[in-house]
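Novice:
There are 2 protein chains.
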Amino acid sequence: MAAGSGSKRSKPAGEVMPAETEFRANGRRPTSYDVALRAGVSQSAVSRCYSPNASIAPATRERIILAANELGYSPNALAQALISRRTNLVAVLISSLTMLYYPEVLAELTERLTVRNIRVLLFSLHAEGEVDDVLDQVWRHSVDGVICAARLSDEQIQMFEDRHVPLVLYNRVSGTASAASVCCDSVAGERDLIGKLLAAGHKKFGIIAGPQDSYVGEERRETASETLRQSGILDVPVVRGDFSYESGSTGLQALMANDASFDAVVCVSDQMAIGAIDAGREVFRLRIPEDLSVVGFDGSGPATWSSYQVTSVRQPVQRMTEAAVTMLVERIEDASLPAERRLFTGQFIIGRSARMA
Amino acid sequence: MAAGSGSKRSKPAGEVMPAETEFRANGRRPTSYDVALRAGVSQSAVSRCYSPNASIAPATRERIILAANELGYSPNALAQALISRRTNLVAVLISSLTMLYYPEVLAELTERLTVRNIRVLLFSLHAEGEVDDVLDQVWRHSVDGVICAARLSDEQIQMFEDRHVPLVLYNRVSGTASAASVCCDSVAGERDLIGKLLAAGHKKFGIIAGPQDSYVGEERRETASETLRQSGILDVPVVRGDFSYESGSTGLQALMANDASFDAVVCVSDQMAIGAIDAGREVFRLRIPEDLSVVGFDGSGPATWSSYQVTSVRQPVQRMTEAAVTMLVERIEDASLPAERRLFTGQFIIGRSARMA
DNA sequence: CTGTTAGCGCTTTCAA
DNA sequence: TTGAAAGCGCTAACAG
Numbered sequence: 040m041a042a043g044s045g046s047k048r049s050k051p052a053g054e055v056m057p058a059e060t061e062f063r064a065n066g067r068r069p070t071s072y073d074v075a076l077r078a079g080v081s082q083s084a085v086s087r088c089y090s091p092n093a094s095i096a097p098a099t100r101e102r103i104i105l106a107a108n109e110l111g112y113s114p115n116a117l118a119q120a121l122i123s124r125r126t127n128l129v130a131v132l133i134s135s136l137t138m139l140y141y142p143e144v145l146a147e148l149t150e151r152l153t154v155r156n157i158r159v160l161l162f163s164l165h166a167e168g169e170v171d172d173v174l175d176q177v178w179r180h181s182v183d184g185v186i187c188a189a190r191l192s193d194e195q196i197q198m199f200e201d202r203h204v205p206l207v208l209y210n211r212v213s214g215t216a217s218a219a220s221v222c223c224d225s226v227a228g229e230r231d232l233i234g235k236l237l238a239a240g241h242k243k244f245g246i247i248a249g250p251q252d253s254y255v256g257e258e259r260r261e262t263a264s265e266t267l268r269q270s271g272i273l274d275v276p277v278v279r280g281d282f283s284y285e286s287g288s289t290g291l292q293a294l295m296a297n298d299a300s301f302d303a304v305v306c307v308s309d310q311m312a313i314g315a316i317d318a319g320r321e322v323f324r325l326r327i328p329e330d331l332s333v334v335g336f337d338g339s340g341p342a343t344w345s346s347y348q349v350t351s352v353r354q355p356v357q358r359m360t361e362a363a364v365t366m367l368v369e370r371i372e373d374a375s376l377p378a379e380r381r382l383f384t385g386q387f388i389i390g391r392s393a394r395m396a
Numbered sequence: 040m041a042a043g044s045g046s047k048r049s050k051p052a053g054e055v056m057p058a059e060t061e062f063r064a065n066g067r068r069p070t071s072y073d074v075a076l077r078a079g080v081s082q083s084a085v086s087r088c089y090s091p092n093a094s095i096a097p098a099t100r101e102r103i104i105l106a107a108n109e110l111g112y113s114p115n116a117l118a119q120a121l122i123s124r125r126t127n128l129v130a131v132l133i134s135s136l137t138m139l140y141y142p143e144v145l146a147e148l149t150e151r152l153t154v155r156n157i158r159v160l161l162f163s164l165h166a167e168g169e170v171d172d173v174l175d176q177v178w179r180h181s182v183d184g185v186i187c188a189a190r191l192s193d194e195q196i197q198m199f200e201d202r203h204v205p206l207v208l209y210n211r212v213s214g215t216a217s218a219a220s221v222c223c224d225s226v227a228g229e230r231d232l233i234g235k236l237l238a239a240g241h242k243k244f245g246i247i248a249g250p251q252d253s254y255v256g257e258e259r260r261e262t263a264s265e266t267l268r269q270s271g272i273l274d275v276p277v278v279r280g281d282f283s284y285e286s287g288s289t290g291l292q293a294l295m296a297n298d299a300s301f302d303a304v305v306c307v308s309d310q311m312a313i314g315a316i317d318a319g320r321e322v323f324r325l326r327i328p329e330d331l332s333v334v335g336f337d338g339s340g341p342a343t344w345s346s347y348q349v350t351s352v353r354q355p356v357q358r359m360t361e362a363a364v365t366m367l368v369e370r371i372e373d374a375s376l377p378a379e380r381r382l383f384t385g386q387f388i389i390g391r392s393a394r395m396a
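Chains A and X are the protein sequences, given in the same order. Just add 39 to wherever you are in the first sequence, counting from 1, and you've got the working numbering. Just add 39 to wherever you are in the second sequence, counting from 1, and you've got the working numbering.
(1) Might you give, ordered along the chain, the residues of its own chain that have their beta carbon closer than 6 Å to the beta carbon of Ala120(A), omitting 5 neighbours on each side?
(2) Could you tell me which residues DSSP pairs with Ile186(A) in its beta bridges?
(3) Hey, out of Arg268(A), Ile233(A) and Phe282(A), whose CA is closest to Asp252(A)'s CA?
(4) Check the DSSP bridge columns for Gly245(A) and list the partner residues they point to.
(5) With H, G and I counted as helix, E and B as strand and the rest as coil, what does DSSP make of Arg324(A)?
(6) What's the C-alpha gap between Trp344(X) and Gly390(X)?
(7) I'd like the ranges of any beta strand (DSSP E) spanning at least 3 consecutive residues and lying wholly in the stretch 230-305 of chain A.
(8) Quick one: grab the DSSP three-state call for Leu160(X).
(9) When the Cα of Ser135(X) is compared with those of Ala239(A), Glu143(A) and His180(A), which residue comes out closest?
(10) Measure the C-alpha to C-alpha separation of Ile196(X) and Arg380(A) and round it to an integer number of angstroms.
(11) When you compare each of Arg68(A), Leu367(A), Ala93(A) and Asn92(A) to Ser113(A) by their alpha carbons, which one comes out closest?
(12) When the distance is taken between beta carbons, is Asp231(X) closer than 8 Å to Phe387(X)?
(13) In the structure shown, what three-state DSSP assignment does Phe199(A) receive?
(14) Could you have a look at Leu382(A) and say whether DSSP puts it in helix, strand or coil?
(15) Taking the alpha helix (DSSP H) that Ala98(A) falls in, what are its first and last residues?
(16) By how many angstroms is the C-alpha of Thr149(A) removed from the C-alpha of Leu128(A)?
(17) Quick check on the DSSP output: the beta strand (DSSP E) that includes Val333(X) runs from which residue to which?
(18) Spatial neighbours of Ala435(X) within its chain, please: CB distance less than 7 Å, with the 5 preceding and 5 following residues excluded, ordered by chain position.
(19) In angstroms, rounded to a whole number, what distance separates the CA positions of Met359(A) and Leu382(A)?
(20) So, do the stretch 317-329 of chain X and the stretch 318-335 of chain A have three or more beta carbon pairs nearer to each other than 8 Å?
(21) Would you report the Cα separation of Ser220(X) and Glu257(X), rounded to the nearest angstrom?
(22) Cα separation between Ser270(X) and Gly314(A)?
(23) Any C-beta of chain X within less than 9 Å: which residues of the stretch 66-81 of chain A qualify?
(24) State buried or exposed for Arg124(A), treating a residue as buried only when at least 16 other CB atoms are found within 10 Å of its CB.
(25) Under 8 Å, CB to CB, which of the residues in the stretch 166-198 of chain X have a partner in chain A?
(26) How many angstroms separate the CA atom of Ala98(A) from the CA atom of Cys187(A)?
(27) Please go through the same chain and pick out, in chain order, the residues whose beta-carbon is closer than 8 Å to the beta-carbon of Pro341(A), but skip the five residues on each side of it.
(28) For the beta strand (DSSP E) holding Ala219(A), just list the boundary residues, first then last.
(29) Take the Cβ of Glu101(X) as the centre, count every other Cβ of all protein chains shown within 10 Å, and call the residue buried at 16 or more, exposed below.
(30) Who are the near neighbours of Ala362(X) in its chain, counting only those whose CB is closer than 6 Å to its CB and skipping five residues on each side?
(31) Counting only the same chain and skipping the five closest in sequence on each side, list residues whose C-beta sits under 6 Å from that of Leu237(X).
(32) If the criterion is Cβ atoms closer than 8 Å, does the pair Phe301(A) and Leu267(A) meet it?
(33) Taking 7 Å as the limit between beta carbons, can you name the residues of its chain near Lys242(A), skipping five residues before and five after?
(34) Please confirm if Met138(X) has its CB atom under 8 Å from at least one CB of chain A.
(35) Determine whether the Cβ of Pro114(A) lies closer than 8 Å to any Cβ atom of chain X.
(36) Near Leu161(X), what residues of its chain come up, given a Cβ to Cβ distance below 7 Å and the 5 sequence neighbours on each side ignored?
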């Protein structure tokens, strides 16, 4: 018998196991050695059967596949990864809030990675300090690359370069370090939104911003303020939320507590816009948009529901996730590829939550 | 020098590498050999440093930790897993729809697994046929266990037993095979809901059900029909949706197309209830709940928004996810544990979408 | 086309 | 407490 003799296995060559009639007779999953034994070939022949471009005789392959099926064999991804230095694993880092309020992104990323035969190792970040622990796990698992939709410091981004782990940032860019990223253009989108509100004659604005550590949130808030300032509208009050419905609702109430004469409230996310709309209607008995215009950002599911129909900017999530996955895979394939930043333009959604004339 | 000589490494003992001043001088991540070399100990000493209950002298440990930090070393999870037969990886299987409409579950599961030092390998299923491919990947990656919130056939469940891979089903039970599971009691919840509608004098019902392959959807639909039948209300029309907002909206319209005299519409999910409420208001100009009562199920986020306030049954997601994770971890620790089924009672949410008197 | 061989980086006896 | 040695299951030269 070809296999077994001279192998490193502990059982001597003569002591060949009987045909394994039971599934997993020895209590462990079958290995390529078991398959080789049964098919009467060498272990490496079995390995070749599962290699995309291996040279193996059709007849041999058939015998091996048969034996493998009888045994219920499938290659051990750990061993494959250990030797080939390719895990086919990508870590997706996502802040728990984003995961809750924007699940479409995760669903799309997962699907697109799966299509490329890549598995997703999911990390959900809530607290800030957690990031370092998560990164440690990322290194330990030798993932082929990382897609990050959570806050990373420049030092942390630098670690990816040091370790040659391809990284693509989602809806954020790094300040100093150069990292590949895919974003929806918050500046253009928010400017567009504000411009339309101004054109419709809105004069008294309020802003419901996101947490300070949110990249897109801050970008949208700054753009809103700046655009208004350029039109001579200064000192626009800002309150902060956490992207949640509740914080949109309390945000509006906080704004109104000081001064209830708003024309328009700019929310940096749809979820908060919805909260603001509900608070406007329920708490202040306002008609939206006749008495108060509310705009959001994202174009996420509930924003289109007929009770809200939020005037907003829709992120092209499908194209963005596809771009992120493509960029990452390219960098896994060719580590020398330079950092690239892809900026997608959001689509204005007219909705019914803002007076547009 | 202790390490290096006699090791299996290809570089001869004499050809010792110079002190590695650079991070990852050889272009690869440092291994325990590199650390051993630098700390002047054997590779196994380094390994012990990262073992919870190893016997190692404090002084030695310190030298090793120092060297490890200088090199930026962290253990290779692949190699650890390969030899120790423990990956600290759990696969989470979730249907893409569930992922979209019920992200809280994924977030909670991930968080609770992370706390237990377990990583999540995420698989999102859309089509039915995909399951077998996903399972193949699950086997290949030698996960320690699986939490499944997607449809699995009895044969597929049997594969987990054959391979001794612990499995916990989430919000579903297996028909014949015995698998551990965590569920919210749809029967009790739906019966409660229907009972309250009946008590309030509703007479003419319609049901918006889920897809036929949804376990909870069908359970809720059957319970609703059955409970009504027991009160003498027969032939309740049923239309099917896919749990989405849109299908709730079109579902109501389909029901009304035949007969617009409904008292109450029972939706098997909140998302569809919301769609039905909006369609009732927008399309049919109905007041909810004065003209039409709508009830849902789940108690998911948007259901509590003030525009909807869906009368529903809230699943105790926190307790359910904790139970699922605990059950799985117990079975990873002790494979001989018998299958167990934990049923949680949902909480009735009175809401404002159904007339209750 | 096929088999032999040498490890991937680590844990775990077994001696010392 | 420590080191040497033996693999975990696999890929990838290298010969033949």
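C-beta: ideal position from N, C-alpha, C; glycine also. Small disclaimer: the values here were computed from a predicted structure and weren't measured.
Specialist: Result, derived from the coordinates:
(1) Thr126
(2) Val131(A) and Val207(A)
(3) Phe282(A)
(4) Val304(A)
(5) coil
(6) 10 Å
(7) Taking only runs of at least 3 residues, the beta strand (DSSP E) segments lying wholly in the stretch 230-305 of chain A are 244-248 and 277-279.
(8) strand
(9) Answer by Cα proximity: Glu143(A).
(10) 45 Å
(11) Arg68(A)
(12) Yes.
(13) helix
(14) Reduced to three states, the DSSP call for Leu382(A) is strand.
(15) Pro97 to Leu110
(16) 11 Å
(17) Ser332 to Val334
(18) This structure leaves residue 435(X) out entirely; chain X is present only between 40 and 396.
(19) 9 Å
(20) no
(21) Roughly 17 Å between the two C-alpha positions.
(22) 40 Å
(23) Gly66, Arg67 and Arg68
(24) Arg124(A) comes out exposed.
(25) Asp175, Gln176, Trp178, Arg179, His180 and Ser181
(26) 46 Å
(27) If we look at Pro341(A) and ignore the five residues flanking it on each side, its Cβ neighbours are Asp309, Gln310, Ile313 and Tyr347.
(28) Ala219 to Cys223 is the span of the beta strand (DSSP E), which, as asked, contains Ala219(A).
(29) Only exposed fits Glu101(X), as fewer than 16 other CB atoms lie within 10 angstroms of its CB.
(30) Contacts found: Val221 and Arg381.
(31) Ser270
(32) no
(33) Asp302
(34) yes
(35) yes
(36) Val131
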